[in-house]
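Residue numbers (the numbering used here): -14 to 319.
A virtual CB, placed ideally from N, CA and C, is assigned to each residue, including glycine.
Below you'll find the structure, written out as structure tokens, and then a few comments.
As structure tokens, this is what we get:
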């Protein structure tokens, strides 16, 4: 009887977890009929956790079934899972030095690489690092270009060829672009090759931020978080892994001028090559040709997103919130 009772309690507990309801926020704007096929009109943006200073860099850990994300000012990486909720996964996350470094010292963009490691863009330590998810410390993948330290690596993506590409704006520095500790004259997009060699791929963007590859890996998309030129660019990637001449994909500067809060930031691509990116007003969804398909108005400054669960759920970091919305598409390469 006792075993039977415990079994029933377990069933009811699991049912309660499955039926757990979350508060919702935001609204969905359909700019093109095609967007309804990706995000049905009864979709809800669920708030999973809140109270963060600036949530960023979400990544889904497939092997563990949980979400990791950065709180950049707090120098922490948090873990969220459906059953257990929220916990601190890593502290410090991006600054291990002495004293107060800046108002954004922690990790920013995160990915799980092909080796199963957590790869982090570290503001305070000004590097790209890799760390096993179970036991073991970090190693530095790159912390300089031609002997000069990076500014504050912001977002990173791994290509199928084994290279890492990342952006390096000044947001993690104490005085931003005017910080006296700056060693590089530009805010670049870099590549770390399989042999560890660092190469400068793009040097003419004012504020490179989020980045992602097309499903076939032949195009690199880069978001620029400059209010005077809030754009998404696309760059062809050649057989050697180098970026070619960029072309404008979409210009959202007019949205910024209309006082829609937010700038092009973190982005991901779905299986059909559509871009899901944070931007003015919340999330902006673009076709591979740069057509505006829809928007998710979050009501908060929105930083980044990541595919999770079975690849159909989009997790969103928006200022002090971590949210999700279930879609009818799937992340690229899922």
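So, for residue i: in the same chain, excluding its five sequence neighbours on each side, which residues have a beta-carbon less than 6 Å away from its beta-carbon?
i	result
residue 236	216
residue 310	28, 30, 299
residue 12	282
residue 146	226
residue 17	278
residue 176	148, 150, 184, 186
residue 72	64
residue 178	148
residue 41	55, 57, 93, 288, 289, 302
Going along the chain, which residues of its own chain have a beta-carbon closer than 7 Å to the beta-carbon of residue i, five neighbours each way excluded?
i	result
residue 144	150, 198, 202, 226
residue 296	315, 316, 319
residue 139	93, 94, 106, 152, 153, 154, 156, 194
residue 36	305
residue 245	265, 266
residue 88	58
residue 124	114, 115
Could you tell me the distance, in whole angstroms, from the CA atom of residue i to the CA atom of residue j?
i	j	result
residue 214	residue 303	22 Å
residue 320	residue 294	Since the first residue shown for the chain is -14 and the last is 319, residue 320 is missing from the structure and cannot be characterised.
residue 243	residue 268	16 Å
residue 160	residue 191	16 Å
residue 45	residue 103	11 Å
residue 76	residue 223	38 Å
residue 169	residue 110	15 Å
residue 219	residue 166	31 Å
residue -2	residue 280	At residue -2 the pLDDT is 44, less than 50, meaning the model places this residue with poor confidence and gives no usable figure here.
residue 231	residue 5	45 Å
residue 9	residue 34	11 Å
residue 238	residue 43	25 Å
residue 240	residue 14	14 Å
residue 53	residue 130	28 Å
residue 82	residue 132	20 Å
residue 189	residue 275	21 Å
Identify which residue in the options has its Cα closest to the Cα of residue i.
i	options	result
residue 122	114, 128, 129	114
residue 307	289, 139, 270	289
residue 86	256, 164, 175, 294	164
residue 136	108, 80, 276	108
residue 328	196, 19, 133	Here the chain comprises residues numbered -14 to 319, so residue 328 is not present and cannot be evaluated.
residue 119	89, 74, 84, 112	74
residue 69	51, 250, 61	51
residue 285	15, 17, 38	38
residue 62	49, 48, 78	78
residue 32	124, 292, 7	7
residue 158	80, 132, 209, 98	80
residue 48	101, 212, 247	101
residue 250	275, 99, 287	287
residue 126	274, 238, 291, 181	181
residue 172	116, 207, 292, 255	207
residue 292	252, 273, 275, 274	252
residue 229	209, 240, 204, 247	204
residue 162	43, 211, 117	211
residue 248	221, 209, 274	209
residue 273	301, 221, 241	221
residue 117	134, 98, 130	98
residue 141	189, 188, 174	174
Would you say residue i touches the ligand GDP, meaning its beta carbon is less than 7 Å from a heavy atom?
i	result
residue 285	Absence of the ligand GDP is noted for the structure shown, with no ligands found whatsoever.
Please return the same chain residues whose Cβ sits closer than 8 Å to the Cβ of residue i, not counting the five positions on each side in sequence.
i	result
residue 271	217, 234, 235, 259, 260, 262, 277, 278
residue 313	22, 23, 24, 25, 297
residue 254	197, 198, 199, 200, 206, 260, 261, 316, 317
residue 128	110, 111, 112, 113, 134, 135
What ranges does the beta strand (DSSP E) occupy inside the segment 60 to 106, keeping only unbroken runs of at least 3 residues that lie completely in it? 61 to 66, 70 to 75, 92 to 97
### Task
Report yes or no: do three or more beta-carbon pairs, one from the segment 56 to 64 and one from the segment 82 to 102, lie closer than 8 Å?
yes
### Task
Would you mind listing the beta strand (DSSP E) stretches within the segment 136 to 169 that are 3+ residues and don't spill past its ends, in chain order?
141 to 143, 149 to 152
In chain order, each beta strand (DSSP E) run of at least 3 residues that lies wholly inside the segment 175 to 253
183 to 187, 193 to 198, 204 to 209, 216 to 221, 232 to 236
Checklist entry - Taking only runs of the beta strand (DSSP E) that begin and end inside the segment 3 to 49, which ones reach a length of at least 3 residues, in chain order? => result 12 to 15, 31 to 35, 40 to 46
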